[in-house]
Amino acid sequence: MADRMKKAQCVAWLIKTKSDTQTQRNYRTTYGESPPSRSSIPLDWQGGPIAWPPRSPDLTPLDFFFWGYIKDTAYGTQVNSLEELKQNIQTAVATVDVSMLKRSWMELEYRLDIVRATKGSHVEIS
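All the letters of the sequence shown, read from the start, carry residue numbers 290 to 415 under the working numbering.
Here you go:
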C-alpha cells in the first residue's frame, strides 16, 4: 500500500494531467513500482447495502464553485513541488471572502428554485 506522500503525489498528478494513464506512468517512473489498483486495495471497509441519497454536483456549492476556484487559483502558476502545491492551496482558500460565499449561496438558492420549478426532473445548469 502506498504511503500518504505517494498518495498525495498521485492526486497532484491526476489533477494536473487529468489522465489516469499518465498518473500511472509517473508513479512507475518515480517510485519504481506499480501504483495501487482496485485488486491491491482491500475493500472490506465497504459496508453492506446502504441506501445512499442521490447527490447532484449541480446542487453542491463545493462542486459548482469552491473546488473549481481553488484548483484554478492553486494551478494558476507552474507547481514544481508538493510543498508549493500545499502553499498554493492554502493561499487560495485564504482568498475566499464573505462576498464570494454569499454569491455561492445565492447561486444555490437559484439552482434549488430550478429544481422546484421542474419538480425534481433532470436539468442541466450551466
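Glycine included, each C-beta is placed from N, C-alpha and C at the ideal position.
Handout entry: Spatial distance of T366 from K408 (CA atoms)
Key = 43 Å
Problem - Pairwise C-alpha distance: S323 and G357 - result: 30 Å
Problem - When L371, D352, R392, S308 are compared against R293, the one with the closest alpha-carbon - result: L371
Exercise for the section: Below 7 Å CB to CB, which residues in the same chain sit around N315 once its five sequence neighbours on both sides are set aside? Expected result: W302
Handout entry: Reference D386; option with closest CA among Q298, Y364, I359
Key = I359
Practice task
May I ask you to report which of helix, strand or coil DSSP gives G357?
Solution key: helix
Handout entry: Helix, strand or coil at I414 [DSSP, three-state]
Key = coil
Problem - Simplified DSSP state of V385, which is helix, strand or coil - result: coil
Practice task
Quick one: grab the DSSP three-state call for S393.
Solution key: helix
Problem - C-beta atoms of S410 and F354 nearer than 9 Å - result: no
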